[in-house]
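Residue numbers (this note's numbering): 5 to 575. The structure under discussion appears below in the form of structure tokens.
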RNA sequence: GGACCUGUGGUGCAGCUCGGAGUGCACGCCGCCCUGUCAAGGCGGAGGUCGCGGGUUCAAAUCCCGUCAGGUCCGCCA
């Protein structure tokens with residue numbers, strides 16, 4: 005049907021009679037004797053010259069047959085890859101008519117996302133989505149190649165799985181053949197891949213769709229895609245090596261950038277210096293500790309276990325409104341307030357300045373190499389809250405758009421095994437209950453569980469959490485101790501994870517794994533702030549699909565077949 | 001569950017602070033003209049419940065309340 009892609013027509017084809025197919029990007033008519041058609045396909049645009057007028061309007065689908073000809077002197081278009089040539093003496097065959105599209109398909113204006121999503125099939129015709137989706141395909145291919153090279157075996161796991169009531173809220177699928185019973189869609193293939201290790205598969209990977217019924221964000225969709233990995237007879241360093249190789253291969257293919265080895269940082273250090281477990285290392289600001297300086301302070305606002313401070317270079321020029329904004333943000337994150345100090349040539353400028361002792365003033369004025377013109381922000385509170393609040397302010401103040409390079413990867417290691425307690429007063433697993441504690445901390449499980457570090461690790465890129473993984477527990481004795489610490493009885497464990505624990509009785513190899521979000525990775529490579537831009541058919545923040553109208557009612561018949569009934573009236 | 005931002009011809013904006021006739025700009029669309037354009041050009045034209053509902057007012061796109069949709073964030077995401 006076609007001989008060439010539009011964008012590939014060039015001087016090499018001069019003199020050839022060729023056909024191209026595509027959409028009319030633009031028609032320019034010059035009376036009844038001459039018209040230009042810009043024909044667009046996935047590869048680009050080529051100009052067809054038509055003697056006489058032609059009724060082929062924007063977005064008509066056409067097949068144009070013409071002779072590749074050098075453009076006349078002075079009419080070469082440097083902005084087109086095909087701009088040195090054109091198709092002349094053209095025959096235009098109209099394959100499909102088109103109404104005027106609801107928005108322009110060129111990239112001259114930003115279109116409201118609501119409209120783009122309603123007509124996603126038109127949006128995908130635009131350069132932005134074309135290049136994002138192709139970038140994603142190249143990343144997928146590079147990841148698969150890297151995993152194959154490293155001896156991994158791609159295995160598909162079920163989408164219809166058993167409920168494991170813990171962690172993220174699950175999407176539920178009623179069973180037709182088993183009245184009153186349900187499948188769930190997997191939050192991740194976590195247990196399946198561990199079973200593959202018991203099965204002796206040794207090294208597994210999958211580009212896996214995961215589904216979580218939790219509220220959506222710029223970097224979170226109900227359904228998202230992870231590169232999911234598990235390997236036997238390996239330790240944390242091995243997994244880090246496998247994943248680094250895959251991600252850096254993808255980076256090289258996607259953006260032609262390949263940093264050396266990815267550095268590591270402990271979770272404790274990330275929290276202390278950056279106030280988060282996903283530090284954005286593209287900019288230098290770090291949190292400082294003033295707890296010792298203010299230990300016996302007279303300043304009431306600083307009477308807290310921890311006093312943390314952040315130097316904002318050249319921040320003294322921040323307006324009062326801007327400082328109020330930052331204070332609001334700090335409060336909304338749970339801080340009692342935010343203290344600010346402008347470093348001026350006359351000393352500190354701040355509502356609190358006159359309450360400070362000489363030593364306290366000096367500590368602030370010289371914080372982190374502070375100079376005249378800088379601003380120092382101080383939060384006093386419990387340790388984690390103070391870190392968290394200043395970490396968020398650090399990002400607000402300093403963080404470039406997520407896609408801006410140079411890209412900065414970091415492995416965050418030694419996460420705590422447990423965090424906080426649930427409604428029943430039981431400890432909660434920070435990662436998941438199959439995570440192996442740090443070997444040195446095993447004795448603390450019963451005595452000081454919150455101090456137990458786990459062999460869990462995250463990969464962070466530009467302040468986004470790409471993914472996480474861990475060394476898994478393969479020994480029944482350690483697993484029972486963890487379940488006990490989590491307040492999960494033997495009976496309950498059997499109930500929830502019986503098939504996994506059963507499998508482990510038949511010879512479980514030591515194993516470890518990882519999973520990282522491909523949507524996020526591609527978004528960053530594409531310079532997009534939002535993963536919807538790298539997903540063909542995403543949902544809105546309220547979980548709606550504006551194109552199909554999902555979620556929708558189903559028929560009475562379907563309800564009956566599935567043995568489900570409304571208890572509250574739908575709209 | 002909560003906070004904030006946005007909603008004006010098909011599209012992107014301005015108008016809203018400080019109420020006074022649906023006013024303006026750009027693109028698109030339709031018709032006519034035009035033989036080298038490529039963000040083509042010229043002339044003419046069509047196209048609007050100002051998201052929706054209520055309130056205040058002589059008068060509401062504009063002020064107030066509610067609501068819906070979209071977005072960003074907190075909670076949530078083992």
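Yeah, the Cβ is synthetic: ideal placement off N, Cα and C, and Gly gets one too.
> Since residue 413 is in the alpha helix (DSSP H), which residue starts that stretch and which ends it?
Replying inline: What you label residue 413 is simply residue 409 of the first chain in a count that begins at 1. From DSSP, residue 413 is part of no alpha helix (DSSP H) but of the beta strand (DSSP E) over 413-417.
> Is DSSP giving residue 9 helix, strand or coil here?
Replying inline: Here residue 9 corresponds to residue number 5 of the first chain, with the count starting at 1. Looking at residue 9 - three-state DSSP - the assignment turns out to be coil, as it is neither helix nor strand.
>> For the beta strand (DSSP E) containing residue 124, name the first residue and the last one.
In response: Taking the first chain and counting its residues from 1, the one referred to as residue 124 is at position 120. Residue range 124-127 is occupied by the alpha helix (DSSP H) that includes residue 124, with no beta strand (DSSP E) assigned at that position.
>> Is the separation between the beta-carbon of residue 74 and that of residue 15 shorter than 9 Å?
In response: Indexing the first chain from 1 puts residue 74 at position 70. Indexing the first chain from 1 puts residue 15 at position 11. In contact: residue 74 and residue 15 (Cβ atoms closer than 9 Å).
> When the Cα of residue 201 is compared with those of 484, 511, 392, 219, which residue comes out closest?
Replying inline: Translated into positions along the first chain, residue 201 becomes position 197. The candidate whose alpha carbon is nearest that of residue 201 is 511.
>> Which same chain residues end up closer than 6 Å to residue 193 when comparing Cβ atoms and leaving out the 5 residues on each side of it in sequence?
In response: Position 189 of the first chain, counted from the start, is the residue given in the question as residue 193. Counting only Cβ-Cβ distances below 6 Å, and skipping sequence neighbours, we find 161, 212, 232.
> Tell me which same chain residues have a C-beta within less than 6 Å of the C-beta of residue 311, skipping the five on either side of it?
Replying inline: Indexing the first chain from 1 puts residue 311 at position 307. Exclusion of the five residues before and after residue 311 leaves 294, 295, 298, 384 as the residues of its chain whose Cβ lies within less than 6 Å of its Cβ.
> Which ranges does the beta strand (DSSP E) cover as unbroken runs of at least 3 residues, wholly within the stretch 59-136, from first to last along the chain?
Replying inline: For the stretch 59-136, the continuous beta strand (DSSP E) assignments of 3+ residues that do not extend past its boundaries occur at 65-74, 89-100, in sequence order.
> residue 410: buried (16+ other C-beta within 10 angstroms of its C-beta) or exposed?
Replying inline: Reading the first chain from its first residue, position 406 is the one you call residue 410. Classification of residue 410: exposed, given that the 10 Å Cβ count is below 16.
> Of the residues 111, 77, 126, which one's Cα is nearest the Cα of residue 27?
Replying inline: Numbered from its first residue, the first chain carries residue 27 at position 23. It is 126.
>> Does the stretch 128-135 come into contact with the stretch 553-564, if we say contact requires no fewer than three beta-carbon pairs (one atom in each stretch) closer than 8 Å?
In response: no
>> Cutting at 8 Å between CB atoms, please list the residues of its own chain near residue 191, excluding the five before and the five after it.
In response: Taking the first residue of the first chain as position 1, residue 191 is located at position 187. Correct list, in chain order: 171, 172, 174, 214, 215, 216.
> What residue ranges within the stretch 252-287 form continuous alpha helix (DSSP H) runs of no fewer than 4 residues, ordered along the chain?
Replying inline: 271-278
> How would you write the range of the beta strand (DSSP E) that residue 176 sits in, first residue to last?
Replying inline: Residue mapping note: residue 176 aligns to position 172 of the first chain, counting from 1. Unbroken beta strand (DSSP E) run through residue 176: 176-178.
>> Under DSSP, the beta strand (DSSP E) around residue 592 begins and ends at which residues?
In response: Nothing in the structure corresponds to residue 592, since the chain is present only between 5 and 575.
> Roughly how many whole angstroms lie between the Cα atoms of residue 23 and residue 98?
Replying inline: Residue 23 sits at position 19 when you count from the first residue of the first chain. Residue 98 sits at position 94 when you count from the first residue of the first chain. Near 13 Å, if we compare the C-alpha coordinates of residue 98 and residue 23.
>> Could you pull the DSSP bridge partners for residue 433 from this structure?
In response: The residue given as residue 433 occupies position 429 in the first chain. Note: residue 433 sits in a beta bridge opposite 422.
>> Any contact between the stretch 313-333 and the stretch 366-383? By contact I mean 3 or more CB pairs, one from each, below 8 Å.
In response: yes
> If you drop the 5 nearest sequence neighbours on each side, which residues of the same chain put their C-beta closer than 8 Å to that of residue 229?
Replying inline: Counted from its first residue, the first chain places residue 229 at position 225. The answer, listed in chain order, is 211, 212, 213, 214, 521, 522, 523.
> Under the three-state reduction of DSSP, which class applies to residue 308: helix, strand or coil?
Replying inline: The residue labelled residue 308 in the question sits at position 304 within the first chain. Taken through DSSP and simplified to helix, strand or coil, residue 308 comes out as coil.
> Are the beta-carbon atoms belonging to residue 88 and residue 68 less than 9 Å from one another?
Replying inline: Within the first chain, the letter at position 84 stands for residue 88. Within the first chain, the letter at position 64 stands for residue 68. No, the Cβ-Cβ distance between residue 88 and residue 68 is not below 9 Å.
> Is the Cβ-Cβ distance between residue 47 and residue 100 less than 9 Å?
Replying inline: As a first step, residue 47 must be located in the first chain, where it is residue number 43. As a first step, residue 100 must be located in the first chain, where it is residue number 96. Not a contact, by the Cβ cut-off of 9 Å.
>> Quick check on residue 515: does DSSP put it in helix, strand or coil?
In response: In the first chain, the residue the question calls residue 515 occupies position 511. In the structure shown, residue 515 sits in a strand (DSSP, three-state: E or B).
>> Measuring straight from C-alpha to C-alpha, what distance separates residue 586 and residue 460?
In response: Residue 586 cannot be examined here, being either before or after the span of the chain that is shown, 5 to 575.
>> Across the stretch 455-474 and the stretch 433-442, are there enough close Cβ pairs to call them in contact, namely three or more that are closer than 8 Å?
In response: yes
>> If you reduce the DSSP assignment to three classes, tell me which class residue 537 lands in.
In response: One-based indexing of the first chain puts residue 537 at position 533. Residue 537: helix per DSSP, three-state reduction.
>> Starting from residue 226, trace the beta strand (DSSP E) in both directions and tell me its first and last residue.
In response: Counting from one through the first chain, the residue named residue 226 turns up at place 222. No beta strand (DSSP E) contains residue 226, which DSSP labels as neither H nor E.
>> Give me the residue from 140, 357, 168, 271 with the minimum Cα distance to residue 388.
In response: In the first chain, the residue the question calls residue 388 occupies position 384. Of the listed residues, the one whose Cα sits closest to residue 388 is 271.
>> Can you tell me whether residue 474 is buried or exposed? The criterion is at least 16 other CB atoms within 10 Å of its CB, across all chains shown.
In response: As a first step, residue 474 must be located in the first chain, where it is residue number 470. Answer is buried; the Cβ neighbour count reaches 16.
> Counting pairs of beta carbons, one from the stretch 395-405 and one from the stretch 329-348, are three or more of them closer than 8 Å?
Replying inline: yes
>> Strictly by DSSP, which residues pair up with residue 23?
In response: Within the first chain, numbered from 1, the residue matching residue 23 stands at position 19. Its beta-bridge partners are 69.
>> My assumption, with CB atoms under 8 Å, is that residue 517 sits in contact with residue 176. Please give the rounded CB distance.
In response: What you label residue 517 is simply residue 513 of the first chain in a count that begins at 1. What you label residue 176 is simply residue 172 of the first chain in a count that begins at 1. Contact flag wrong, Cβ pair sits at about 26 Å.
> What does a CB cutoff of less than 6 Å around residue 109 pick up in its chain, not counting 5 residues either side in sequence?
Replying inline: The residue you call residue 109 lines up with position 105 of the first chain. So the qualifying residues of the chain are 129, 130.
> Straight-line CA distance for residue 574 to residue 189?
Replying inline: Here residue 574 is taken as the residue at index 570 of the first chain, counted from 1. Here residue 189 is taken as the residue at index 185 of the first chain, counted from 1. Any reading at residue 574 is ruled out, since the residue's pLDDT is 44, under 50, leaving its predicted position unreliable.
> Could you check where the alpha helix (DSSP H) with residue 328 kicks off and where it finishes?
Replying inline: Counting from 1 along the first chain, the entry for residue 328 is found at position 324. Element bounds for residue 328: 324-336.
> Helix or strand or just coil, what does DSSP make of residue 370?
Replying inline: Taking the first chain and counting its residues from 1, one reaches residue 370 at position 366. Note: residue 370 maps to coil in three-state DSSP.
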